[in-house]
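Engineer: Please find one structure pasted underneath; my questions will follow.
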Amino acid sequence: MRRLESGEKAVEDDTRGSGWIPQGARKKWPGRTASETNDDLDDLDDLDNPDDSTIPPAHDTMGGLLILAETSAGVAVFKAKDKILKKPENLAEEFQTAEGAANLLKLQAFSKFESTADALDTVNALIEGKVSSKLQNILEDISDKKSSLVVADPKLGNAINKIAGLDFKIISDSTVAPLYRGIREHLSSLITGLTPDDLKIMSLGLSHSLSRHKLKFSTDKVDTMIVQAIALLDDLDKELNTYAMRVKEWYGWHFPEMGKILSDNLAYARVVKTMGFRTNASTTDLSTVLPEELEEAVKQAAEISMGTEITDDDLENINLLVDQVLSLSAYRAQLSDYLRNRMQAIAPNLTALVGELVGARLIAHAGSLINLAKQPASTIQILGAEKALFRALKTKHDTPKYGLIYHASLIGQAGVKSKGKIARMLATKAALSLRVDALGDEKNDTGALGLESRLKVENRLRQLEGGKPISSGNANQTPVGTQSTKKFELNGASGYNADADMADAPVVKSAADKVGSKRSRQDESDAEDEVMAEVEESGAVESKKEKKDKKEKKDKSSKKRKLESEEAEEEPKSKKDKKDKKEKKEKKEKKEKKSKNKD
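Counting with the working numbering, you get residues 1 to 599 for the letters of the sequence shown.
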């Protein structure tokens, strides 16, 4: 639309927004100056261009405009002019000074935080989009419940709308960002009694408390403890082995026969501590340390020992070393229990599948539980065998089938030919269990997934070994190789037979007994047939294996013979060639000598 010049009057137009109509074609607006009419024409332009991106959305603020602002000192509610959000692009200029901010906003309510804990609870609830009790009290105290409320977070606005008794119209679009920017800049001037230094200290303390809360430090999920514990356990095993060997070598000069009787290092150290000199063996009670058979063997060996004599000073130093062995053994047992409990808390599914020691070594090798959970099953399978893997890749040989996972009990139960398959399946199930342990939300996880995965691996192992699988619904099924007792069933009640009371009378069977005996014979024959079929199958498999082995041996022997024959043929040829060369050389030398003599 064309703007009016100074002093020019406007006339009414029946068709709004249809363009400029000359002054003679419409009536004048009485009492309207050019500037006022230009403002009205701007409003008409806005109606003509409703899709203009520079124009903010219209907010109905008939009941007033309230602004909710959360600060480090407390929660504040400001009252603003109704038209403050119509032109948000001008807010930056109006908030340049504290006076301009004070003209736009007035503090209506302010609830100061009573303590750091109160501030942390309120701010944490606001971050999560929840209405805290302090905020709810402030909103309920506002008399005008039909006002428009400006909120920075849309989630918080939705939570406020759900509170009964509050009928605010929530505004939380992009137009409120400059408004909150200006409030933060002039917060100390808008809220009386707060200095910039006080706000700075409060913000620093609240940010530290909020950061500590966001870290969510949990002693039950700290895998660093597992890494350090398994490393210390390995170091203790090395130290214990070194000290125990030193005790055996040292005390062995005095009583060498006891080392062959007692293979347990801890029992050996306890006997040395209890008995002292070997001459005290007959009078010393070793029943608290050794079983009866070993105690008798030690006492008999002490009477005919060929060891040398040692002094009291020697025995005292040996006892000091024995004390170290005993204390380290006790600490190792305590550390092992601690590691078991920690693994049950952090990775219950992995512990149920591979055990606490193997699981802890896998976590320590990867660095953390989350790093191990990110690894694929193929990497978990060969974790710990990196040197063998790269050596095999370099020399183009077969890559290793297992690493640290080899020490799991399930792989130990498998045969030589089944270890690779079981290791691959176990690594796959371990990868699933690890991801549940690391990323699962269950607080009280009992390791059900690990137990279920272990059952599947055991069934696969039984299938490879030729046994019967364990059903998931029958956990108490007897293992293969043991006889299971059948449940007693009453087939039928037989009547009284007077002839059976006589000692020499023949036993008369009832019809039910005959039927039961026939069934038992049939069951026995069926069982024998199954056993014979299994034996025949195993024999057929063994015969196939034997034939294959014999064929391989024949092939190897034939290849060896061919190589030997070729070498035998090449040897005389090489000898003959050498002899011919030597003869030619000698003839050449003779000719050269003759030519020299002639000259």
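From the three backbone atoms N, C-alpha and C, an ideal C-beta is built for every residue, glycine too.
Roughly how many angstroms separate the alpha carbons of leucine 210 and alanine 119, rounded to a whole number?
Structural biologist: Between leucine 210 and alanine 119, the C-alpha separation is close to 9 Å.
Engineer: For lysine 155, which of helix, strand or coil comes out of DSSP?
Structural biologist: Residue state, collapsed to three classes: helix.
Engineer: Grab the span of the alpha helix (DSSP H) containing phenylalanine 390 for me, first residue to last.
Structural biologist: Here the alpha helix (DSSP H) through phenylalanine 390 covers 386–395.
Engineer: Classify glutamate 316: buried if its beta carbon has 16 or more other beta carbons within 10 angstroms, exposed otherwise.
Structural biologist: So glutamate 316 ends up on the exposed side.
Engineer: To the nearest angstrom, how far is it from the Cα of glutamate 296 to the Cα of threonine 308?
Structural biologist: Straight-line Cα distance between these residues: approximately 22 Å.
Engineer: Just confirm the distance between the C-beta atoms of leucine 350 and leucine 434, as a whole number of angstroms; I'd bet it's less than 8 Å.
Structural biologist: Confirmed, about 6 Å.
Engineer: Under 9 Å between the Cβ atoms of leucine 149 and leucine 135?
Structural biologist: Not in contact: leucine 149 and leucine 135 (Cβ atoms no closer than 9 Å).
Engineer: Measuring CB atoms only, is the region 106–113 touching the region 67–79, in the sense that at least three cross pairs come out at less than 8 Å?
Structural biologist: Contact holds: three or more Cβ-Cβ distances are below 8 Å.
Engineer: For aspartate 197, count neighbouring C-beta atoms within 10 Å of its own C-beta (all shown protein chains included) and say buried if the count is 16 or more, exposed if not.
Structural biologist: Result: exposed.
Engineer: Could you have a look at glycine 450 and say whether DSSP puts it in helix, strand or coil?
Structural biologist: Correct three-state label for glycine 450: helix.
Engineer: Buried or exposed: which applies to leucine 204, given that a residue is buried once 16 or more other Cβ atoms fall within 10 Å of its Cβ?
Structural biologist: Under this definition leucine 204 is an exposed residue.
Engineer: Using the beta-carbon count (16 or more within 10 Å), is phenylalanine 168 buried or exposed?
Structural biologist: The residue is buried, with at least 16 neighbouring Cβ atoms inside 10 Å.
Engineer: Are aspartate 437 and leucine 362 touching if we call contact CB-CB under 9 Å?
Structural biologist: It is not a contact, given that the beta carbons lie outside the stated cut-off.
Engineer: Do the region 392–399 and the region 352–359 make contact, defined as three or more Cβ pairs closer than 8 Å?
Structural biologist: No, because fewer than three Cβ pairs between the region 392–399 and the region 352–359 fall closer than 8 Å, the two stretches do not touch.
Engineer: Using 10 angstroms around the beta-carbon of arginine 181, count the other beta-carbons present and answer buried if the total reaches 16, otherwise exposed.
Structural biologist: With fewer than 16 Cβ atoms within 10 Å of its Cβ, arginine 181 is classed as exposed.
Engineer: Can you tell me where the beta strand (DSSP E) holding lysine 112 begins and where it ends?
Structural biologist: That run of the beta strand (DSSP E) goes 105–112.
Engineer: If you drop the 5 nearest sequence neighbours on each side, which residues of the same chain put their C-beta closer than 7 Å to that of threonine 224?
Structural biologist: There are no such residues.
Engineer: Glutamate 157: which of Glu128, Ser558, Lys587 and Ile382 sits nearest, CA to CA?
Structural biologist: The sequence shown places glycine at residue 157, rather than the glutamate named in the question. Checked all of Glu128, Ser558, Lys587 and Ile382; the closest Cα to glycine 157 is Glu128.
Engineer: Where alanine 373 and alanine 117 are concerned, what is the direct C-alpha to C-alpha distance, given to the nearest angstrom?
Structural biologist: Rounded to whole angstroms, alanine 373 to alanine 117 spans 36 Å at the Cα level.
Engineer: Quick one: residues in its chain with C-beta nearer than 7 Å to the C-beta of methionine 343, no 5 flanking neighbours on either side, listed in chain order?
Structural biologist: Here the set comprises Ile226, Thr351, Glu356, Gly359 and Ala360.
Engineer: Relative to the C-alpha of leucine 404, which residue among Ala229, Gln381, Asn124 and Lys468 is closest?
Structural biologist: Nearest of Ala229, Gln381, Asn124 and Lys468 to leucine 404, Cα basis: Gln381.
Engineer: Around the C-beta of leucine 91, are 16 or more other C-beta atoms found within 10 angstroms, so that it is buried, or is it exposed?
Structural biologist: With 16 or more Cβ atoms within 10 Å of its Cβ, leucine 91 is classed as buried.
Engineer: Helix or strand or just coil, what does DSSP make of glycine 74?
Structural biologist: Note: glycine 74 maps to strand in three-state DSSP.
Engineer: Roughly how many angstroms separate the alpha carbons of leucine 339 and alanine 229, rounded to a whole number?
Structural biologist: Answer to the nearest angstrom: the Cα atoms are 7 Å apart.
Engineer: Determine, using beta carbons only, whether aspartate 264 and arginine 332 come nearer to each other than 9 Å.
Structural biologist: Going by C-beta atoms, aspartate 264 is not nearer than 9 Å to arginine 332.
Engineer: Is it right to say alanine 101 is buried, meaning 16 or more other beta carbons lie within 10 angstroms of its own, or is it exposed?
Structural biologist: By the neighbour-count rule (16 or more Cβ atoms within 10 Å), alanine 101 is buried.
Engineer: So for serine 148, helix, strand or coil by DSSP?
Structural biologist: Here serine 148 sits in strand by DSSP.
Engineer: Report the residue from Gly447, Val457 and Leu449 whose alpha carbon sits nearest the alpha carbon of glutamine 413.
Structural biologist: Looking at the Cα atoms, Val457 is the closest of the given residues.
Engineer: Verify whether the separation of the beta carbon atoms of valine 654 and threonine 279 is less than 9 Å.
Structural biologist: This structure cannot settle anything about residue 654, because the visible part of the chain is limited to 1 through 599.
Engineer: Less than 8 Å between the CB atoms is what I'm expecting for alanine 366 and glutamine 375, so what's the real figure, rounded?
Structural biologist: Contact holds; Cβ gap of about 7 Å.
Engineer: Between which two residues does the beta strand (DSSP E) containing lysine 601 stretch?
Structural biologist: Since the first and last residues shown for the chain are 1 and 599, residue 601 lies out of range.
Engineer: Where valine 531 and leucine 464 are concerned, what is the direct C-alpha to C-alpha distance, given to the nearest angstrom?
Structural biologist: Note that valine 531 scores 42 on pLDDT, short of 50, meaning its location in the model is unreliable; the coordinates nonetheless yield the value given after this. When rounded, the distance between both Cα atoms is 18 Å.
Engineer: Could you name the residues that DSSP lists as bridge partners for isoleucine 470?
Structural biologist: Bridge partners of isoleucine 470: none, in fact.
Engineer: Which first and last residues belong to the alpha helix (DSSP H) in which methionine 306 is found?
Structural biologist: No alpha helix (DSSP H) contains methionine 306, which DSSP labels as neither H nor E.
Engineer: Given that a residue counts as buried once 16 or more other Cβ atoms are within 10 Å of its Cβ, and exposed if not, what is methionine 202?
Structural biologist: Label assigned to methionine 202: buried.
Engineer: Quick one, are the C-beta atoms of isoleucine 191 and threonine 71 less than 9 Å apart?
Structural biologist: Yes.
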